[in-house]
Amino acid sequence: MDTRLFFLGQKREPGTEAGVSLDERLALLRAHGDFALAFSVACQPGLSYFGDRDGILAYRMVGRTAFVLADPLAPRERWGELVDAFVAHCGDVTFWQISRAMAELLVARGFTVNALGVESVIDMSGYSFAGTKRRSFRTAVNRAERAGQRVVEARLDDIDPVRVEAISRAWRETRTTARHELGFLVRPVVLEDEPGVRKFFVLDDHDQPIAFAFFDPIYRDGRVLGYLSATRRWLPEADPLSAYLMVRRAIERFSEEGALEFHLGIMPFHKIEDREFTHDWLTRRAFRFVYTNGLTNRWIYPSRSLARHKESYGGKRRPTYCAMNRHPSLPRLLKLLRACRIV
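Per the numbering used here, the sequence shown starts with residue 1, numbered consecutively.
So, in structure tokens, the structure goes:
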């Protein structure tokens, strides 16, 4: 085992744990963060870390099970040693929203690997808002202009923070998971400035914010590759097409700056086939049930409506996976609900 690897426990203040500072995690992000959840791996509050300044895994413990978030922030050649050291330390390990390359590495180490869903990625270099499939973008712009609304990119310090918090709280109260912020696979909203995160707001005709959208940076070799649409919220009385309005303005701005990819994030349990790897049948059945069952979509997580919305953008599908090294899988699937703060 690489003697530089060490275990970083849960009880910490963000950015102050021994060995890997926030600045060092941001350096790893800029060097190796070319996947959708890279910023979340580096900066999500409440995560723990395993590794060193040359590479890290981000995870959350639920009971005795470790839930690792996405791929490592590390050179590809270090992935194997990070995984081996972490499994040797924790024993019961699961990985969530990982790439095909990570899935291949894990299945070779005896993990079962299941399709988790697909991520939607837009190539901004050739993206057009013309055509019937993009009508919502054009309608959003027309409605906003008639109402005297506009989109601005701003620092939180330049926008009334009390008003922004009120938007966030009012939006969350309309969701099935209204009691608290989700976490882990969904990065909790942070109502303050964050390094590299772009924050857009819809202002009404009195220059008051009525909606906001935050976009996490994605890097390749030290340069911005693109952005993930991480958070979009609006007042219940605001036009629901405000989300399309903010996304359009963001894509236009990022494209002008030379960014290539716009990530809409995961569509959980959507288009899963499980034909590539040794998979767990119970996990597959559970994912299919959650996706197809009307009650789970209404009261737990709206998987189908989320997939329909993200498919409307016309992005390219990119499969993503989960993996486990201990069974039965059911207790770990139930723990995932706790890791994500769904229950």
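Built from N, CA and C at the ideal position, the CB exists for glycine as well.
Just to check my reading of the structure: residue i and residue j have Cβ atoms closer than 8 Å, yes? What is that Cβ distance to the nearest angstrom?
{"i": "E119", "j": "A36", "result": "6 Å"}
{"i": "K335", "j": "V93", "result": "Not quite, the Cβ-Cβ distance comes to about 12 Å (not below 8 Å), so this is no contact."}
{"i": "C43", "j": "E256", "result": "No, C43 and E256 are not in contact; Cβ-Cβ is about 26 Å, not under 8 Å."}
{"i": "A38", "j": "L73", "result": "7 Å"}
{"i": "R230", "j": "R187", "result": "What sits at residue 230 in the sequence shown is Ala, not Arg. The pair is a contact, with the Cβ atoms about 6 Å apart (cut-off 8 Å)."}
{"i": "L69", "j": "S40", "result": "7 Å"}
{"i": "R332", "j": "T112", "result": "About 11 Å separates the two Cβ atoms, so there is no contact after all."}
{"i": "T320", "j": "L116", "result": "5 Å"}
{"i": "S312", "j": "K133", "result": "7 Å"}
{"i": "W299", "j": "T176", "result": "6 Å"}
{"i": "G265", "j": "L228", "result": "6 Å"}
{"i": "G222", "j": "R30", "result": "5 Å"}
{"i": "F86", "j": "L57", "result": "6 Å"}
{"i": "N114", "j": "D280", "result": "6 Å"}
If we define contact as Cβ-Cβ less than 9 Å, is residue i a contact residue for chain D?
{"i": "F201", "result": "Among the chains of the structure shown, chain D does not appear; only one protein chain is present."}
Just the C-alpha distance for residue i and residue j, rounded to the nearest angstrom, thanks.
{"i": "F214", "j": "A88", "result": "37 Å"}
{"i": "A140", "j": "K310", "result": "16 Å"}
{"i": "D84", "j": "L182", "result": "29 Å"}
{"i": "V197", "j": "F277", "result": "35 Å"}
{"i": "Q97", "j": "V164", "result": "30 Å"}
{"i": "R155", "j": "M246", "result": "15 Å"}
{"i": "H263", "j": "N293", "result": "27 Å"}
{"i": "G226", "j": "S136", "result": "23 Å"}
{"i": "L384", "j": "L330", "result": "The requested residue 384 is not part of the displayed model; the chain covers only 1 to 343."}
{"i": "F67", "j": "K271", "result": "23 Å"}
{"i": "I251", "j": "P328", "result": "43 Å"}
{"i": "A211", "j": "L203", "result": "7 Å"}
{"i": "R317", "j": "F50", "result": "30 Å"}
{"i": "R344", "j": "Y301", "result": "Only positions 1 to 343 of the chain appear in the structure, and residue 344 is not among them; the question remains open."}
{"i": "E81", "j": "R143", "result": "54 Å"}
{"i": "I218", "j": "G55", "result": "17 Å"}
{"i": "R288", "j": "R304", "result": "11 Å"}
{"i": "F129", "j": "R138", "result": "7 Å"}
{"i": "H290", "j": "A166", "result": "In the sequence under discussion, the amino acid at residue 290 is Val, which differs from the His named in the question. One C-alpha to the other measures close to 31 Å."}
{"i": "G110", "j": "V224", "result": "35 Å"}
Could you check what DSSP says for residue i in three-state terms: helix, strand or coil?
{"i": "G294", "result": "helix"}
{"i": "R150", "result": "strand"}
{"i": "N325", "result": "coil"}
{"i": "P217", "result": "strand"}
{"i": "G126", "result": "helix"}
{"i": "L371", "result": "This structure does not reach residue 371, given that the chain is present from 1 up to 343, and the question cannot be answered."}
{"i": "R78", "result": "helix"}
{"i": "T320", "result": "strand"}
{"i": "P195", "result": "coil"}
{"i": "I251", "result": "helix"}
{"i": "I159", "result": "coil"}
{"i": "A339", "result": "helix"}
{"i": "H279", "result": "coil"}
{"i": "R4", "result": "Residue confidence is low: R4 scores 40 on pLDDT, short of 50, so the model does not pin down where it sits. Its coordinate-derived value is still stated next. In the structure shown, R4 sits in coil (DSSP, three-state: anything other than H, G, I, E or B)."}
{"i": "D239", "result": "coil"}
{"i": "E104", "result": "helix"}
{"i": "T132", "result": "helix"}
{"i": "Y244", "result": "helix"}
{"i": "P331", "result": "helix"}
Can you tell me whether residue i is buried or exposed, with buried defined as 16 or more other CB within 10 angstroms of its CB?
{"i": "D207", "result": "exposed"}
{"i": "E273", "result": "exposed"}
{"i": "D158", "result": "exposed"}
{"i": "W234", "result": "buried"}
{"i": "V121", "result": "buried"}
{"i": "H180", "result": "exposed"}
{"i": "S125", "result": "exposed"}
{"i": "R60", "result": "buried"}
{"i": "P236", "result": "exposed"}
{"i": "A108", "result": "exposed"}
{"i": "E261", "result": "buried"}
{"i": "R248", "result": "buried"}
{"i": "A243", "result": "buried"}
{"i": "D23", "result": "exposed"}
{"i": "P75", "result": "exposed"}
{"i": "A323", "result": "buried"}
{"i": "K11", "result": "In this prediction, K11 scores a pLDDT of 37, lower than 50, which makes its location untrustworthy; no coordinate-derived value is stated."}
{"i": "P209", "result": "buried"}
{"i": "L337", "result": "exposed"}
{"i": "S239", "result": "Here residue 239 turns out to be Asp, not Ser, going by the sequence shown. D239 is buried by the Cβ-count criterion."}
{"i": "V151", "result": "buried"}
May I ask you to list the residues that DSSP assigns as paired with residue i?
{"i": "W234", "result": "A211"}
{"i": "A58", "result": "Y49"}
{"i": "L73", "result": "I56"}
{"i": "P268", "result": "G117"}
{"i": "F262", "result": "I122, Y227"}
{"i": "T94", "result": "F67, M324"}
{"i": "F201", "result": "V152, F212"}
Taking 8 Å as the line, does the beta carbon of residue i fall inside it for any heavy atom of the ligand NAP?
{"i": "W299", "result": "Judged by which ligands are present, the structure shown has none, so any question about the ligand NAP falls away."}
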